[in-house]
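In my numbering, the protein residues as written are 402 to 777.
Take a look at the structure:
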């Protein structure tokens, strides 16, 4: 934003807040005007209706160095291109008509927004996986004057540094609760990684698939066959797939629970696997120290409970340490980012991704509409 102003341009900011289903005082962007003015050190005009004559007039009369903020784009159904207020019992014909109407309205919405500016900059990686009006469609109106902002550019470069041009060996730490939510990423990483460390709740689906006893630990029963197929796939690809050999188990899913360390395949009846044990982390540490490129996505324990956040916090420490020795480290995903930040290591890893869903889809090899719209 400062680059545009410093270069003598006038600036129109459009964004969104929350998931409103219409106009909402709570989600109005007018609340952030003072913060923007403080950070940019200039007055900010505010258009309470993006489609109004006032907004058009503000945009047309902006002088170099001036800033205009448009109201929350999600106040408009056209932003997401989905009809609102359809009756629950709407007929197929009514639904079809509503979809056609919103698509036509969306074209007018995009054209109006595009008319306000001479060039378009997309710096919203966090919503790059959404084919919304402001992140994908509007770029079509700026054939030769569209570009990535600095964050988008760095996000793409950082992820491509893992997926397309990594220094070997490459290690990925994939955590989280469910195999089903991460299996597509794991599959993609088989073509990139030398080592994949699996942590978090999804460990127990793999353990049970192999005949282990997991007590009351989280398990996706419908993913057991897929877990076994994944293990076979790792062998075929020559990828070293690592799990928590030992885990911290608790007698209840609670911060006040009694805990013990046990073999991940021999969790007592009634007990729940909650975190990677120190011995598992020690084993992973050796792998990470011998790597040149590391991707971390997802916690390796129940990070939201302090007694069971130790494994995740220790991984953050290890990544900060190996980064200082020249390893490229990319961190993405809410809890992973939270761990690195809370531990004070945000500036001690190579890159922290700002996009949750966008990063996951990019890692899977899915084309992101917000990126494709600029690159085309």
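Every residue gets a Cβ at the ideal spot worked out from N, C-alpha and C, and that includes glycine.
Flag this pair as yes or no: are the beta carbons of residue i and residue j separated by less than 9 Å?
i	j	result
residue 413	residue 463	yes
residue 418	residue 509	no
residue 697	residue 642	no
residue 468	residue 431	no
residue 568	residue 711	no
residue 720	residue 746	yes
residue 688	residue 715	no
residue 428	residue 435	no
residue 456	residue 517	yes
On the criterion of 16 or more Cβ atoms from any shown chain inside 10 Å, does residue i qualify as buried, or is it exposed?
i	result
residue 580	buried
residue 756	buried
residue 531	buried
residue 465	exposed
residue 767	exposed
residue 533	buried
residue 583	buried
residue 773	exposed
residue 647	buried
Shortest alpha-carbon distance to residue i belongs to which of the options?
i	options	result
residue 737	574, 591, 723, 660	574
residue 668	614, 730, 633	614
residue 566	524, 406, 590	590
residue 602	473, 700, 439	700
residue 660	638, 708, 720	708
residue 679	455, 691, 690, 664	664
residue 632	651, 511, 490, 599	599
residue 606	629, 586, 657	629
residue 447	460, 773, 586	460
residue 415	547, 525, 572	525
residue 725	752, 733, 404, 765	752
residue 570	552, 597, 586	597
residue 564	541, 588, 686	588
residue 595	449, 494, 640	640
residue 759	718, 666, 528	528
residue 677	494, 653, 604	604
residue 535	545, 554, 552, 513	513
Given 8 Å, three or more beta-carbon pairs between the segment 654 to 673 and the segment 623 to 630: Counting Cβ pairs under 8 Å, fewer than three are found: no touch.
Three or more C-beta pairs closer than 8 Å, one from the segment 466 to 485 and one from the segment 499 to 514: is that the case here? Result yes; three or more Cβ-Cβ pairs closer than 8 Å.
Scan the segment 578 to 656 and note each continuous alpha helix (DSSP H) run of 4 residues or more that stays entirely inside, going in chain order. DSSP runs (the alpha helix (DSSP H)) wholly in the segment 578 to 656: 580 to 590, 604 to 610, 625 to 638.
Write down every uninterrupted run of the beta strand (DSSP E) in the segment 664 to 710 whose length is 3 residues or greater and which is fully enclosed by it, in chain order. Residue ranges of uninterrupted beta strand (DSSP E) with 3 or more members, entirely inside the segment 664 to 710 and ordered along the chain, are 673 to 677, 694 to 698.
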